[in-house]
Amino acid sequence: MDASTRPTITPPEALALLAECFNVPAGSLHADVERESIEDWDSMGALMLIAELDERFGLELTAEVSREMTRIGHVLDFLRAHGVLREGD
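Using our numbering, the letters of the sequence shown correspond one by one to residues 43 to 131.
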């Protein structure tokens with residue numbers, strides 16, 4: 043999937059996707075939530091995130107980059123940098 047055909051999502055949709063990946067209630071996440079405060083953002087949660095981003099958007103999130111993400115905002119920044127996060131809707 044190339045960037046021109048890649049689907050996009052809004053920030054609330056991205057947060058809902060992350061809530062699903064990390065098995066937390068929808069609406070409980072925001073950009074400043076730290077990785078350490080999310081019980082399921084462990085190695086399995088990181089693998090779930092990697093798989094979801096690949097399946098839904100064709101994005102390759104490496105394990106190394108995933109480990110560097112220490113808060114939800116870092117994931118949102120990754121989505122934004124790859125043209126997936128659609129602002130202003």
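C-beta atoms are modelled at their ideal positions from N, C-alpha and C, and glycine is treated no differently. Just so it is clear, the structure is predicted and the values come from calculations on it, not from any experiment.
### Query
Can you name the start and end residues of the alpha helix (DSSP H) that E55 belongs to?
Run containing E55: 53-63, per the alpha helix (DSSP H) assignment.
### Query
Does the beta-carbon distance from A68 to A56 come in below 8 Å?
Taking C-beta atoms as the reference points, A68 and A56 fail to come closer than 8 Å.
### Query
Between which two residues does the alpha helix (DSSP H) carrying L103 extend?
The continuous stretches of alpha helix (DSSP H) do not include L103, and DSSP gives it neither H nor E.
### Query
What is the residue span of the alpha helix (DSSP H) that H116 lies within?
Here the alpha helix (DSSP H) through H116 covers 114-123.
### Message
At a cut-off of 7 Å, would you count T104 as near the ligand ATP, judging by its Cβ distance to the nearest heavy atom?
### Response
This structure lacks the ligand ATP, and indeed carries no ligand of any kind.
### Task
Could you work out which residue in R128, F64, E94, E97 is closest to R113 when comparing CA atoms only?
The shortest C-alpha separation from R113 is found at F64.
### Message
Please state whether the Cβ-Cβ distance between P53 and L101 is less than 8 Å.
### Response
The answer is no: Cβ separation not under 8 Å.
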